[in-house]
Structures are given as C-alpha cells and as structure tokens.
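Taken in order, these protein sequences are the chains called A and B.
According to full-length UniProt numbering, the residues represented by the first sequence are 1 to 222, in order.
According to full-length UniProt numbering, the residues represented by the second sequence are 1 to 223, in order.
By construction, the Cβ of each residue, glycine as well, lies at the ideal position given by its N, Cα and C atoms.
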Amino acid sequence: MAGKPKLHYTKGRGKMESIRWLLAAAGVEFEEEFIETKEDLEKLRNDGVLLFQQVPMVEIDGMKMVQTRAILSYIAAKYNLYGKDLKERAWIDMYVEGTTDLMGMIMYLPFQPADTKEKNLALIIERATTRYFPVYEKALKDHGQDYLVGNKLSWADVHLLEAILMVEECKADVLSAFPLLQAFKGRISNIPTIKKFLQPGSQRKPPPDEKFIAVVRKIFNI
Amino acid sequence: MSGKPRLTYLNGRGRMEPIRWLLAAAGVEVFEEVYLETKEQYDKLIKDGVLLFQQVPLVEIDGMKMVQTRAIMSYIAGKYNLYGKDLKERALIDMYVEGISDLMQMILMFPFSPPDAKEKNLEAVKERATNRYFPVFEKALKQHGQDFLVGNKFSWADVQLIEAILAVEEKVPAVLSGFPQLQVFKTKMSNMPTIKKFLQPGSPRKPPPDAHYVETVLKVFKK
C-alpha cells in the first residue's frame with residue numbers, strides 16, 4: 001500500500017517541477033509515472049482520473065489532485081510551509097505568485113517562435129532584475145531574517161530558490177546586484193532536504209532540450 | 001478611519017471582477033474603488049511603490065497592500081469562511097477555482113483578440129465550457145445532491161462558478177441547456193441574499209467589456 005504521493009507528468013520540468021521541489025524540500029518521498037506518448041495521456045483521460053483532462057496530476061492522501069497551485073497549496077499547508085496565520089499565508093501567496101509569473105515566462109520560452117527567442121529571453125532577464133528580484137531582496141533587507149516570511153522556512157523560500165536557479169540557467173550572473181539573494185541562495189541550498197534534491201540522482205529534472213520539447217509538442221498537440 | 005477594502009483597477013471587469021464578486025458574496029457590500037484611467041495614474045502608482053510587482057489588481061485590506069488576484073481571493077475566502085472546513089475541502093475548492101479560472105481567462109482575453117480570431121475563440125470558449133468544465137460541476141452536484149459544490153456549505157467555489165456561468169452565458173446564451181443541475185445551481189446562487197444584491201443595478205458589479213474599456217486598457221498599460 002503506497003503512502004507516497006504519485007506524480008503523473010512528462011519526464012521533464014514543466015508545471016510539475018515546482019511540485020517536485022516542494023515535496024523534496026518537505027522531505028517527502030514520491031513516485032513518478034511518466035507520460036511518454038499521446039496514448040499515455042489519452043489513457044489517463046479515458047480512465048477518468050484527470051478532473052479537467054489535464055496534468056499535472058498528483059495522487060496524494062486518497063485524492064487525485066490536479067491544478068498546480070491547488071496541489072502546491074495543499075502540500076505547503078500539510079507540511080507546515082504556509083505560515084502561521086492568514087496574513088503570513090497572504091504574503092507567501094503573493095510572493096509565490098510573483099515567482100510563478102517569472103518561472104512561467106521561462107517555461108514557455110522553448111515554445112515561442114524561434115525569431116522571438118532572443119527578445120523574450122531579454123525580457124525575462126529584465127523582469128527578473130527590475131520587477132521580481134528587487135522585491136525579494138528588499139523583503140530580506142527590511143526584516144534581516146533568513147527566510148522571506150515569518151522567520152521560518154516556507155513555500156515562498158523554496159519557490160524563490162527554484163526561480164533563482166532557473167534564471168541563472170539563462171544568465172549566470174543575474175544575481176550580481178542582489179547580495180542578499182546570493183546569501184539566501186547559499187543558505188536555502190544548504191538545507192539538508194534541498195541539498196539532497198540538488199544533487200545528481202535526485203528526482204529534479206534537467207532544463208528542457210530539443211528532444212524533450214518535441215515530445216511535449218506531440219503529446220499535447222502544441 | 002475606513003475599514004473598507006479599497007480596490008485599484010480600471011473601471012471594468014478584467015482581473016478585479018472575481019474579487020468584487022467574492023467580497024460581495026462574503027457580505028462586504030461596500031468597498032472603495034479607485035479607477036485607473038490614464039497611463040500617468042498608473043505610472044504614479046508604480047513610482048509611489050505601492051504595487052509589489054508593478055501590477056494591478058491592488059486591494060488594500062487589513063493594513064496590507066495586496067496584489068496578485070489569487071493571493072487576494074485566497075485571503076478573502078479564508079477571512080470570511082468561504083474556504084471549507086479543513087485542508088481537504090480547501091484542496092477541492094482550490095481545484096475547482098483553478099479550473100474555473102482557466103475558463104474565465106479565455107473570456108478575459110477575448111476582447112483583446114484580433115477581429116478575425118474572435119469567432120474561433122468564441123467557439124473555443126463554448127467547447128471548453130461544455131466539454132471540459134461544466135460537466136465536472138454538473139457531476140459533482142449530481143453525485144452529492146447538495147446545494148453547494150463543497151462540504152454542503154457556501155464557498156469560494158460556488159461564487160466563482162456562478163460568476164463563470166453568467167459570463168459564459170453572455171457569450172453563449174444556451175450554454176446550460178445540457179446541464180440541469182447547473183441550471184438549478186444558477187437559480188439558487190442568484191437568490192442567495194448577498195449575491196442577489198450584487199446582481200442588482202447599482203452594485204459594484206461591472207458591465208461586460210466594451211470598445212471603450214479595451215481602449216482604456218491598451219492606453220493605461222502601454223509600454
């Protein structure tokens with residue numbers, strides 16, 4: 001009998017990666033079933049296990065959860081990564097929505113027309129350095145604490161680290177003007193569960209390559 | 001000193017409308033609204049540093065300047081007991097709300113699609129509503145036979161669904177014809193006192209977007 005959550009998605013980052021990060025940070029072991037063909041997706045749909053015919057889908061605690069944010073919110077609350085009260089939760093939600101928007105831009109990049117790639121990449125870096133990172137740098141500066149909200153590790157910290165590493169893959173020195181985020185990155189990366197997730201052999205997925213993009217296009221008809 | 005929430009957005013539905021719905025449904029009848037009409041107003045807000053990510057909606061509530069639609073709605077739902085009784089009910093409400101939000105996103109973007117794409121997009125809204133989203137809620141209501149989607153109690157999910165039903169009906173009038181449970185749901189929700197009031201003229205509810213609204217959006221958010 002499985003107590004472990006089971007993740008249904010393609011074998012790549014996409015919308016499931018933030019879920020993998022959060023489960024890993026919470027120290028939760030999970031299983032994965034990979035969708036490799038269109039037929040795999042159709043089967044899930046025909047079996048009636050995808051509420052809105054979409055993945056990610058995570059089997060957890062007797063539920064077949066869909067919708068990335070719903071899944072993440074559930075995991076965050078279950079594992080005490082969602083603040084201590086409604087107001088802390090509000091701040092975590094705001095911060096996470098920001099990093100979601102930023103990571104969303106990166107996720108869609110490989111699916112944009114080839115001639116817009118350079119422009120879109122420049123926009124990502126601009127947004128990261130002028131809209132998003134300054135907010136988190138300031139938050140850390142204002143309270144001087146190790147974590148974004150309530151002096152305690154939360155979903156917001158995990159999500160921000162994920163976003164930082166993802167933007168760094170686009171531009172390695174993107175944190176050069178953000179000393180507190182650099183320190184934050186070092187600190188959060190060294191949390192034992194996260195450190196483990198960042199090591200080779202973990203369930204963390206690599207950045208998408210051409211081959212993976214082609215598979216995704218085929219499975220989802222995009 | 002005003003205890004009322006203050007909303008900053010354009011004078012139209014957009015991403016603020018679900019927030020207006022939820023506040024109204026929660027019985028927060030009166031809230032202040034600041035309407036953005038010019039780029040200069042928007043630039044000033046950014047310069048004043050009140051928009052966390054330089055974006056609206058902005059809702060000033062309980063001493064916070066909240067941004068990000070979902071964060072704002074989650075807070076309101078939590079505060080006014082529209083978020084279920086436990087984690088699992090919250091999970092179900094979240095799933096439902098996210099699905100409906102995806103459908104509403106199609107309607108939100110509709111006025112901004114090029115004229116030659118409008119018919120195709122309208123067809124897509126109809127198809128998704130009829131084949132992907134409405135069947136889920138029809139089934140949920142049929143299976144438990146209760147008035148409300150989750151936990152036999154009025155929640156955020158119900159508010160979001162009635163908003164979506166009415167919004168889709170504005171575009172596809174007969175969309176509920178294959179959904180008897182949703183027809184009953186629509187009537188019941190429309191008659192909940194707080195929602196009934198919101199549906200009457202003179203409430204904070206905004207009309208469907210027209211050409212003037214689209215023009216204002218493009219003007220205010222021009223780069």
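Next item on the list: Return the CA-CA distance between ILE71 (chain A) and ASP146 (chain A), expressed in angstroms with no decimal places.
Entry: 26 angstroms
Check: By the criterion of Cβ-Cβ separation under 9 angstroms, what are the contact partners of VAL66 (chain A) in chain B?
Finding: MET95, GLU98 and GLY99
Checklist line | Contacts that ARG69 (chain A) makes with chain B (C-beta to C-beta distance below 8 angstroms) | finding: ARG70, ASP94 and GLU98
Note to self: Pop quiz: residue 225 (chain A) and SER202 (chain A) are said to be a contact at Cβ under 8 angstroms. What is the actual Cβ separation, rounded to whole angstroms?
What the structure shows: As shown, chain A starts at 1 and ends at 222. That puts residue 225 (chain A) outside it, with no answer to give.
Margin query: Can you check whether the C-beta of PHE221 (chain B) is within less than 9 angstroms of a C-beta belonging to chain A?
Written below: no
Notebook entry, point to check: On the three-state DSSP scale, how would you describe PHE31 (chain B)?
Noted result: coil
Check: Along the chain, which unbroken stretches of the alpha helix (DSSP H) at least 4 residues long are found entirely within the region 60-100 of chain A?
Finding: 68-78
Notebook entry, point to check: Do you know offhand how far LYS197 (chain B)'s Cα is from ALA139 (chain A)'s?
Noted result: 40 angstroms
Checklist line | Contact set between the UniProt domain "GST N-terminal" (3-84) of chain B and chain A, restricted to residues whose Cβ is under 7 angstroms from the partner | finding: LEU52, PHE53, GLN54, MET64, MET66, VAL67, GLN68, ARG70, ALA71, SER74, TYR75, GLY78 and LYS79
Checklist line | THR8 (chain B): first and last residue of the uninterrupted beta strand (DSSP E) it sits in | finding: 6-9
Check: Can you tell which of B:PHE31, B:SER101 and B:GLU40 has the C-alpha that lies nearest to the C-alpha of ARG70 (chain B)?
Finding: B:SER101
Check: Quick one: what's LYS6 (chain A) bridged to in DSSP?
Finding: A:GLU31 and A:GLU59
Note to self: Could you compute how far the alpha carbon of HIS212 (chain B) sits from the alpha carbon of LYS39 (chain B)?
What the structure shows: 15 angstroms
Checklist line | Within chain B, partners of LEU86 (chain A) - CB distance below 7 angstroms | finding: TYR75, GLY78 and LYS79
Notebook entry, point to check: Can you find a CB in chain A that lies within less than 9 angstroms of the CB of MET1 (chain B)?
Noted result: Residue placement at MET1 (chain B) cannot be trusted, given a pLDDT of 44 that sits under 50; what the coordinates show is reported in the next sentence. MET1 (chain B) does not count as touching chain A.
Next item on the list: Could you have a look at residue 229 (chain B) and say whether DSSP puts it in helix, strand or coil?
Entry: In the structure as shown, chain B starts at 1 and stops at 223, and residue 229 (chain B) therefore has no counterpart that could be examined.
Next item on the list: Please classify ILE75 (chain A): is it buried, with 16 or more other beta-carbons within 10 angstroms of its beta-carbon, or exposed?
Entry: buried
Notebook entry, point to check: At which residue ranges does the UniProt domain "GST C-terminal" (86-210) of chain B contain complete alpha helix (DSSP H) runs of 4 or more residues, listed in the order of the chain?
Noted result: 87-109, 118-128, 134-144, 156-171, 180-190 and 193-198
Next item on the list: Look up VAL149 (chain A) in the DSSP assignment and say whether it is helix, strand or coil.
Entry: coil
Notebook entry, point to check: Would you say ASP210 (chain B) reaches chain A, if we count a Cβ-Cβ gap shorter than 9 angstroms as a contact?
Noted result: no
Item checked: Neighbour flag for GLN182 (chain A) against chain B, beta carbons, 9 angstroms -> no
Notebook entry, point to check: Rounded to a whole number of angstroms, what is the C-alpha to C-alpha distance between MET1 (chain A) and GLU39 (chain A)?
Noted result: With a pLDDT of only 44 at MET1 (chain A), under 50, the local geometry of the prediction cannot be trusted, and the value read off the model is given with reservation. Each residue's Cα considered, the two are about 27 angstroms apart.
Check: Could you give the distance in angstroms between the alpha-carbon of VAL50 (chain B) and the alpha-carbon of PRO179 (chain A)?
Finding: 24 angstroms
Next item on the list: Assuming TRP156 (chain B) contacts TYR75 (chain B) (C-beta within less than 8 angstroms), just tell me the rounded distance between them.
Entry: Incorrect: roughly 11 angstroms between the Cβ atoms, too far for contact.
Margin query: If I measure Cβ to Cβ from GLU170 (chain B) and keep anything under 6 angstroms in the same chain, skipping five residues before and after, which residues do I get?
Written below: PRO208
Notebook entry, point to check: In chain order, what residues of the same chain have a beta carbon less than 8 angstroms from the beta carbon of ARG187 (chain A), not counting five sequence neighbours either side?
Noted result: ASP146
Checklist line | Cβ neighbours of TYR9 (chain B) in the same chain (closer than 6 angstroms, five flanking residues each side left out) | finding: MET16, VAL56 and PRO57
Check: Between HIS143 (chain A) and LYS84 (chain A), what straight-line distance do the alpha-carbon atoms span, to the nearest angstrom?
Finding: 17 angstroms
Notebook entry, point to check: Which residue comes first and which comes last in the alpha helix (DSSP H) that contains TYR136 (chain A)?
Noted result: 133-143
Next item on the list: Please name the residue in B:GLY151, B:LEU182, B:MET109 and B:GLU138 whose C-alpha comes closest to that of VAL217 (chain B).
Entry: B:MET109
Margin query: Can you pull out the residues from the region 123-156 of chain A whose beta carbon lies closer than 8 angstroms to at least one beta carbon of chain B?
Written below: ARG131, TYR132 and VAL135
Item checked: Rounded separation between GLY12 (chain A) and PRO5 (chain B) - CA only -> 42 angstroms
Checklist line | Extent of the continuous alpha helix (DSSP H) run through residue 224 (chain A) | finding: Since the first residue shown for chain A is 1 and the last is 222, residue 224 (chain A) is missing from the structure and cannot be characterised.
Note to self: Please classify LEU86 (chain A) as buried or exposed, where buried requires at least 16 other C-beta atoms within 10 Å of its C-beta.
What the structure shows: exposed
Margin query: If we define contact as Cβ-Cβ less than 9 angstroms, is LYS126 (chain B) a contact residue for chain A?
Written below: no
Next item on the list: Can you give me the Cβ contacts of GLU29 (chain A) inside the same chain, cut-off strictly under 7 angstroms, excluding the 5 residues immediately before and after it?
Entry: LYS4
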